[in-house]
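Novice: There's a structure below that I have some questions on.
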Amino acid sequence: MKPERDMRIPLSAMALLKLSSALVPPPRRWEWSQEWHSELWYARREWAHQGCCEGQAWRRSVQFCLGAFSDALWLRRDQFSSPVTLFDSAQRNDASLLCLLAMVVFLAFALPGSRRAMLTSSRHQQANLVSISRSGVTKSDTPTIALAEYRRWEKRGRNLFSEMAFYTVVEANEAAIGPKSASIGVASTEFAKLVDLQTSSDVMDRARAVVEPVLVVAESYRTTYMPEVSAGDEVTMLGRRVLFAGVIPDHAPGLAGQQDAWLLVDDTQLEQVTGSNAGFVVAQVSAKQRAAGYTGRWGFSSVENGDSASFDCVPLRNTAARPSATFLFALFLALLALPATTPLPLGEYPAASHPLFHRVRWRRWVFLGVKIGLSVAIVYFASMLLAFGIINAGSESSELIQLGSSFVGLLFSLRWALRDQRLRCPVCLRLLRSPARVGYASRSFLAWHGTEFMCEQGHGLLHVPEVATSWFSTQRWLMLDASWVELFSGG
Amino acid sequence: MTYVAIYSIACQVAFYIGRIPRMSSETKLSHTAALILQSIHVGYIYGFSVMEVTGLPSGTVYPAMRRLERDGLIQSQWEQQAAADAEKRPPRKYYKLTRSGKTTLEASRKRYPLLNKLAASPEVNA
């Protein structure tokens, strides 16, 4: 059907109708739009018959179409208020949780602290890095490997390790880097690459390009003591001129001690800078060793000039902060504590043999699973955000904060998931409404008293006893058959 | 006895829901809704013609008609596409009163006697 030429709807009126149609619930949108376009066409024809000029007709058309917003809004409100066309609240529930999860994930990855904490542990696991120390040394921050020993392994240990790097920690008290004694890690540029010190590519390029030593400083130390020094400046460090190249995050996970700065030197200059200081060795286990099962903690012996020495290889993931393990531990604790906060059973459903109930039974469990899964994921990212992104009080404190926040969050979210599930209709999964107190507390011998909830779709009634008795110990669902539907159809 | 029990349970359920399933004949309409109902009854069966005869704006008339339709007082129907195509015009949705709507209108006329003044429309047979 092509409308007559003079009855064409003005673009502004079309735009108003299009805009307002977005408010109409999708199932009714097409018909609603058809009706308004049709009515506008007849209205314009009527105005033409009345002798309205084009300007008047345009003004009236716009006024007419503005009313479409009221109509669309009414339909929208009616959709949410009418029990018959109520949006599936189970879907809304999941959609809300998904939105919350997306928001928390976004924030957790947006803040550098939490992003680093989430990505670092997985990187170390992928890299198969181990920290090598002499056997029998219990303190992990005690240097035990001499540089000469490391050089020998470099030549002969390639079947065990594909890459190795040596670092040591020295105390420096130099005016150029601040008023206090600083803990300086000295390592080769390959070391920074191996453990991924989170240096920017610009810093690493600079380090490779220049032969002179390069200094990178921890973020908080730079902020406190070196705010005026900028990249490219030369500063004095350990008695030599070094190039300040940039800033790295405060915590280098898994490494011994906490360094204020790292002096990255060319591998050939390590002896000059470190002298006879003992240090630490970080290595990447070779593929052959990994295939042989050397993935956990293991050891090896080295014989030199008839002297035998044993060394332990500890995966860096064992020493680095492990948010996932902390979270799993919190989950375990929360599951232990959960029965103390809410009963675990979901209630009695005597009508489970009802065909309708039987058909939709699996939906209840899928919904519960999705709800718990999303809640757990939200708590994980929220705890990471809080512990490493917002507070970020050092690795140990952050782990404790993560443990505490995860435990509290998991306990309450699991409790909520179970309580929410118990208050839903098992057929349509909508929240039960219209709570009504039934019975008297003084007549609990031959009658029951408690709260009765109702499914607004007419699927049944839920009876929740106030006091658990031997014959009414938990909530009970009463299925209503199809003959009740008319009563709930809302006229 | 069974019927009495069922009736009492039904009343209890209706009370809990806070509404009764269908509009009763004593349903009280607002003056605007009654005016629209009367307009449709006398033959102004399209939304725009109701607007014209009542002087109400589109933002009042159409939502009110949706509400009346939801409450089962009027029902809508699209005219045949072929009939509209033959006259090179878009098909139109028209409304008519249901039995419940007629009963409600009778009650509303007692409440708003001036409703009877609304004249019949030639559109009644459109």
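In order, the protein sequences belong to chains A and B.
If you read the first sequence in my numbering, its first letter stands for residue 451, the second for the next number, and so on.
If you read the second sequence in my numbering, its first letter stands for residue 7, the second for the next number, and so on.
By construction, the Cβ of each residue, glycine as well, lies at the ideal position given by its N, Cα and C atoms.
Keep in mind that this is a model prediction, so the values were computed, not measured.
Please check the pair Ser848 of chain A and Ile840 of chain A, which I expect to be a contact at CB under 8 Å, by giving their CB distance rounded to whole angstroms.
Specialist: For the purposes of this step, residue 848 of chain A is taken as residue 398 along the first sequence, with counting starting at 1. For the purposes of this step, residue 840 of chain A is taken as residue 390 along the first sequence, with counting starting at 1. Contact doesn't hold; Cβ gap of about 10 Å is too wide.
Novice: If you measure from the beta carbon of Lys108 of chain B to each beta carbon in chain A, is any gap under 8 Å?
Specialist: The residue you call residue 108 of chain B lines up with position 102 of the second sequence. Judged by the 8 Å Cβ criterion, Lys108 of chain B is not in contact with chain A.
Novice: Starting from Glu721 of chain A, trace the alpha helix (DSSP H) in both directions and tell me its first and last residue.
Specialist: Walking along the first sequence from the start, residue 721 of chain A turns up at place 271. Where Glu721 of chain A is concerned, the enclosing alpha helix (DSSP H) stretches over 720-724.
Novice: Can Leu103 of chain B and Ala40 of chain B be called in contact, C-beta distance under 8 Å?
Specialist: Taking the first residue of the second sequence as 1, we reach residue 103 of chain B at position 97. Taking the first residue of the second sequence as 1, we reach residue 40 of chain B at position 34. Not a contact, by the Cβ cut-off of 8 Å.
Novice: Start and end of the beta strand (DSSP E) containing Tyr100 of chain B?
Specialist: Here the question's residue 100 of chain B lines up with position 94 in the second sequence. Residues 99-103.
Novice: Check distances from the C-beta atoms of the region 468-501 of chain A to those of chain B and list, in chain order, the residues that come in under 9 Å.
Specialist: If the cut-off is 9 Å between Cβ atoms, the region 468-501 of chain A has Glu481, Gln484, Glu485, Trp486, His487, Ser488, Glu489, Leu490, Trp491, Tyr492, Ala493, Arg495, Glu496 near chain B.
Novice: Just curious, the beta strand (DSSP E) that Arg690 of chain A is in, first and last residue?
Specialist: As a working mapping, residue 690 of chain A is identified with position 240 in the first sequence. Looking at the DSSP string, the run of the beta strand (DSSP E) that includes Arg690 of chain A is 690-698.
Novice: Express the C-alpha separation of Lys821 of chain A and Leu831 of chain A in angstroms, rounding to a whole number.
Specialist: Sequence index remark: in the first sequence, residue 831 of chain A carries index 381 (1-based). Sequence index remark: in the first sequence, residue 821 of chain A carries index 371 (1-based). One point to set straight first is that residue 831 of chain A is Phe, not Leu, in the sequence displayed. The alpha-carbon atoms of Phe831 of chain A and Lys821 of chain A are separated by roughly 16 Å.
Novice: Nearest CA to the CA of Phe616 of chain A: which residue from A:Ala596, A:Ala518, A:Asp528, A:Tyr799?
Specialist: Taking the first residue of the first sequence as position 1, residue 616 of chain A is located at position 166. The shortest C-alpha separation from Phe616 of chain A is found at A:Ala596.
Novice: Less than 8 Å between the beta carbons of Leu43 of chain B and Leu111 of chain B, yes or no?
Specialist: In the second sequence, residue 43 of chain B corresponds to position 37, counting from 1. In the second sequence, residue 111 of chain B corresponds to position 105, counting from 1. Contact flag set, yes.
Novice: What's the C-alpha gap between Leu853 of chain A and Glu721 of chain A?
Specialist: Position 403 of the first sequence holds residue 853 of chain A. Position 271 of the first sequence holds residue 721 of chain A. Distance between the alpha carbons of Leu853 of chain A and Glu721 of chain A: 43 Å.
Novice: Can you give me the start and stop residues for the alpha helix (DSSP H) that Ser546 of chain A sits inside?
Specialist: Taking the first residue of the first sequence as position 1, residue 546 of chain A is located at position 96. 539-560 is the extent of the alpha helix (DSSP H) around Ser546 of chain A.
Novice: What number of angstroms, rounded off, separates the C-alpha of Gly908 of chain A from the C-alpha of Asp528 of chain A?
Specialist: Within the first sequence, the letter at position 458 stands for residue 908 of chain A. Within the first sequence, the letter at position 78 stands for residue 528 of chain A. Each residue's alpha carbon lies about 19 Å from the other.
Novice: So what does DSSP say about Ser488 of chain A, is it helix, strand or coil?
Specialist: For the purposes of this step, residue 488 of chain A is taken as the residue at position 38 of the first sequence. Helix.
Novice: Counting contacts by CB-CB distance shorter than 8 Å, is Trp508 of chain A in contact with chain B?
Specialist: Counting from one through the first sequence, the residue named residue 508 of chain A turns up at place 58. Judged by the 8 Å Cβ criterion, Trp508 of chain A is not in contact with chain B.
Novice: Name the chain A residues whose beta carbon is nearer than 9 Å to that of Tyr68 of chain B?
Specialist: Counted from its first residue, the second sequence places residue 68 of chain B at position 62. Those within 9 Å of Tyr68 of chain B in chain A are Glu485, Trp486, Glu489, Gly517, Ala518, Ser520, Asp521, Trp524.
Novice: Tell me, please, whether the region 496-515 of chain A touches the region 776-785 of chain A by the rule of three or more beta-carbon pairs shorter than 8 Å.
Specialist: Output reads no: the region 776-785 of chain A does not touch the region 496-515 of chain A.
Novice: What separation, rounded to the nearest whole angstrom, lies between the Cα atoms of Ser532 of chain A and Arg76 of chain B?
Specialist: Indexing the first sequence from 1 puts residue 532 of chain A at position 82. Indexing the second sequence from 1 puts residue 76 of chain B at position 70. Unreliable placement is indicated for Ser532 of chain A, whose pLDDT of 49 sits below 50; the coordinate value is still reported in the next sentence. Approximately 10 Å, taken between the alpha carbons.
Novice: Give me, in chain order, the residues of the same chain whose beta-carbon lies closer than 8 Å to that of Arg865 of chain A; leave out the 5 immediate sequence neighbours on both sides.
Specialist: Mapped onto the first sequence, residue 865 of chain A falls at position 415. Excluding sequence neighbours, Arg865 of chain A sits near Leu788, Thr791, Thr792.
Novice: Using DSSP with H/G/I as helix, E/B as strand and the rest coil, what is Met676 of chain A?
Specialist: For the purposes of this step, residue 676 of chain A is identified with residue 226 of the first sequence, where counting begins at 1. Three-state DSSP puts Met676 of chain A in coil, outside helix and strand.
Novice: Nearest-angstrom Cα distance between Gln87 of chain B and Trp524 of chain A?
Specialist: For the purposes of this step, residue 87 of chain B is identified with residue 81 of the second sequence, where counting begins at 1. For the purposes of this step, residue 524 of chain A is identified with residue 74 of the first sequence, where counting begins at 1. So the alpha carbons of these two residues sit roughly 28 Å apart.
Novice: Where does Asn543 of chain A land, buried or exposed, given buried means 16+ other C-beta within 10 angstroms?
Specialist: Taking the first sequence and counting its residues from 1, one reaches residue 543 of chain A at position 93. Classification of Asn543 of chain A: buried, given that the 10 Å Cβ count is 16 or more.
Novice: DSSP three-state label for Trp898 of chain A, please.
Specialist: Mapped onto the first sequence, residue 898 of chain A falls at position 448. Trp898 of chain A: coil per DSSP, three-state reduction.
Novice: Consider the Cβ of Lys210 of chain B: report whether some Cβ of chain A lies at a distance smaller than 8 Å.
Specialist: Any answer about residue 210 of chain B is impossible in this case: the structure gives chain B only from 7 up to 132.
Novice: So, with DSSP's three-state summary, where would you put Pro885 of chain A?
Specialist: Along the first sequence, one-based indexing puts residue 885 of chain A at 435. Residue state, collapsed to three classes: strand.
Novice: Can you give me the C-alpha to C-alpha distance between Ala637 of chain A and Leu579 of chain A, rounded to a whole angstrom?
Specialist: What you label residue 637 of chain A is simply residue 187 of the first sequence in a count that begins at 1. What you label residue 579 of chain A is simply residue 129 of the first sequence in a count that begins at 1. Cα-Cα distance, rounded: 16 Å.
Novice: Just verifying my parser: in three-state terms, what is the DSSP assignment at Ile840 of chain A?
Specialist: To locate residue 840 of chain A, count along the first sequence from 1; it is residue 390. Correct three-state label for Ile840 of chain A: helix.
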